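Only one structure is covered here, and it is reproduced in the block below.
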Amino acid sequence: MQQPSFFQKCLTKIWDTYSKDVGKSLIHLGAVGWLFGALAQVGALAFNKKIDKEEKNFLFPQEIADGVINVGLYYTICQGIKTFADKCVDKGKFIPKNVNEAFEKLLANKHFFSTQEQSQIFANKKNITETLSAVTDSSFIKNLAPAVRDFITNEIKPAAAKMSGWKNGVGTLATFGASVLACNIITPYARNIVASKIQSMTGKKTYYDYKAYGKICSFSQSKTFSKFKI
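If you count by the numbering used here, then the sequence shown holds residues 13 to 242, one letter each, in order.
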């Protein structure tokens, strides 16, 4: 039997990690995008021969500060809001009605399980997601009596699947909202404060003078887009 390649293993690992948590993938991809954008800006600044050395010595710290602010605030704000949303779902603050009913039914039938099994299922009583995941785990179900196994399969397993998708959706929406807040409101405001501080300390302008030095990089516009006049 042919063994999967290293690349295939990596793709499988990525899929297993992010398919059940799209919000996490958006946060990581967004942060990486901000990081590469900052590196590209600094690199383009370094290779632009139209900018003199003294001006570069001033612009480099500014661009690096902008990059740190962009990446740092985007990640921390998005991750913080998503974590809060995930905890609200885990604690049952807002979950589908049928999931809540299934969880209540599970609590009402705790006597189906031994003391050891109960401690394994309800190790974290405040986390409904973990409880449903633990009781529907295949390695756990196979050791149960047939009647109990049927109860979990018919009553609890559909609710666990619904809960997983619900949490994924809530986390994704929270991440979208947080990214808008971070990119369009908080991050620009923070950059303006830092730029103002740099200006007050150096007495120099805190923006790149395109008229004096030209564009850092430019791309030819497609003839298709050149037809549109806005």
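In this text, a Cβ means the ideal position worked out from N, Cα and C, and glycines have one as well. It should be emphasised that the depicted structure is a prediction, and the values quoted were computed from it without experimental measurement.
Could you tell me if Ile168 is buried or exposed, where buried requires 16 or more neighbouring beta carbons within 10 angstroms of its beta carbon? By the 10 Å Cβ count, Ile168 comes out buried.
Near Gly35, what residues of its chain come up, given a Cβ to Cβ distance below 6 angstroms and the 5 sequence neighbours on each side ignored? Cβ neighbours of Gly35 within its own chain (closer than 6 angstroms, five residues either side excluded): Lys94, Gly183, Thr184 and Thr187.
Quick check on Ser17: does DSSP put it in helix, strand or coil? Ser17 falls in the coil class under three-state DSSP.
Pairing CB atoms from the segment 107-125 with CB atoms from the segment 66-85, are three or more of them under 8 angstroms? With a cut-off of 8 angstroms on Cβ pairs, the segment 107-125 is not in contact with the segment 66-85, counting fewer than three such pairs.
Candidates Val206, Asn196, Asn204 and Lys209: which alpha carbon is nearest Cys90's? Answer by Cα proximity: Asn196.
Note down the Cα distance separating Asp143 from Lys103, rounded to an integer number of angstroms. Per the sequence shown, residue 143 should be read as Thr rather than Asp. Inter-residue distance for Thr143 and Lys103 is about 11 angstroms (C-alpha atoms, whole angstroms).
Could you give the DSSP three-state label for Asn136: helix, strand or coil? Coil.
Reducing DSSP to helix, strand and coil, say where Phe106 ends up. Here DSSP, grouped into helix, strand and coil, assigns Phe106 to coil.
Contacting residues, own chain, Cβ-Cβ under 7 angstroms from Ser176 (five flanking each side not counted): Counting only residues of its own chain and dropping the five nearest sequence neighbours on each side, Ser176 has a CB closer than 7 angstroms to the CB of Lys32.
So, helix, strand or coil for Phe188, using DSSP? Helix, per DSSP.
Given that a residue counts as buried once 16 or more other Cβ atoms are within 10 Å of its Cβ, and exposed if not, what is Gly42? By the neighbour-count rule (16 or more Cβ atoms within 10 Å), Gly42 is buried.
Alpha carbon of Val160 to alpha carbon of Lys179, nearest angstrom: Rounded to the nearest angstrom, the two C-alpha atoms are 26 angstroms apart.
Uninterrupted alpha helix (DSSP H) stretches inside the segment 61-110 (no shorter than 4 residues): The qualifying runs are 65-102.
Please list, in chain order, all residues of the same chain as Val206 whose beta carbon is under 7 angstroms from its beta carbon, the five residues on each side excluded. Result list for Val206: Ala77 and Ile81, in chain order.
Stretch pair the segment 49-60 + the segment 14-29: three plus CB contacts closer than 8 angstroms: Contact check between the segment 49-60 and the segment 14-29: fewer than three CB pairs, one atom from each, fall below 8 angstroms, which does not count as touching.
N-terminal and C-terminal residue of the alpha helix (DSSP H) that Ser37 is part of: Val34 to Phe59 is the extent of the alpha helix (DSSP H) around Ser37.
Cutoff 6 angstroms; reference Tyr220; Cβ partners in own chain excluding five residues on either side: Summary for Tyr220: the model assigns pLDDT 47, below 50, so the residue's position carries little reliability, and this model does not support an answer.
What do you reckon, are the CB atoms on Thr199 and Leu85 nearer than 8 angstroms? Going by C-beta atoms, Thr199 is nearer than 8 angstroms to Leu85.
Would Ser145 and Ala172 be called neighbours here (beta carbons separated by less than 8 angstroms)? Between Ser145 and Ala172, the CB-CB gap stays under 8 angstroms.
Which listed residue (Gly189, Val83 and Val54) has its alpha carbon closest to that of Gly45: Ranking Gly189, Val83 and Val54 by Cα distance to Gly45 puts Val83 first.
In or out: Ile164 buried (at least 16 other Cβ within 10 Å) or exposed? With at least 16 other beta carbons inside 10 angstroms of its own, Ile164 counts as buried.
Which of helix, strand or coil does DSSP assign to Asp162? The answer is helix: DSSP assigns Asp162 an H, G or I state.
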